[in-house]
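Position in the sequence shown (first residue = 1) + 173 = the numbering used here. Just so it is clear, CB atoms sit at the ideal spot from N, CA and C, and this is done for glycine as well. Predicted model only: the values in this text are computed from it and were never measured.
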Amino acid sequence: MIGRLNHVAIAVPDLAAAAAMYRDVLGAEVSAPVDLPAHGVSVVFVVLPNTKIELLHPLGEGSPIAAFLARNPSGGMHHVCYEVDDILAARDRLKATGARVLGDGEPKIGAHDKPVLFLHPKDFAGTLVELEQV
């Protein structure tokens, strides 16, 4: 059901500093920051030959990333994102097996302008999983 790894997301306390580290120290291609108000985050993508790293920063006090950074002030890995061909079929199959889809279970448009869903970390070895339709 799942396809390739689309990205690994890392929550960061300083988006500009983290982007500069990847760009200037590691020599990676780094996108411009993008605000995603529907998700409460600002993001930067680090482009790698085989996947991407998504740097996440809170967009406002109510952001879920603000809560994550309150518990992890230095930042840290937040989630992994896998590609799926049909997000609704994937959701229905997962729910049928007892996996929990976060939120209302309906896909939202993510950072790549594609439908995404998040799966409960307790169902996936303590890792928050994002599914993105390709």
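With respect to the 8 Å criterion, Val214 and Ile238 are classified as neighbours on the basis of their beta carbons. Burial is judged here by how many other beta carbons sit within 10 angstroms of a residue's own beta carbon; Ile175 has fewer than 16 and is exposed. Taking Thr224 as reference, the option from Arg177, Phe241, Leu188, Asp259 with the minimal CA-CA separation is Arg177.
By the beta-carbon neighbour count (other beta carbons within 10 angstroms, threshold 16), His293 is exposed. Rounded to the nearest whole angstrom, the CA to CA distance from Glu227 to Ala272 is 25 Å.
In this structure Leu209 is not in contact with Ala263, their Cβ atoms being roughly 22 Å apart against a cut-off of 8 Å. Pairing Val274 with Lys268 gives a Cβ-Cβ distance under 8 Å. Counting only residues of its own chain and dropping the five nearest sequence neighbours on each side, Gly248 has a CB closer than 7 Å to the CB of Ile183, Ala184, Val185, Pro186, Leu242. Take the alpha-carbon of Val198 and the one of Val207: they are about 22 Å apart. For Pro237, no beta strand (DSSP E) encloses it; the enclosing alpha helix (DSSP H) starts and ends at 237-244.
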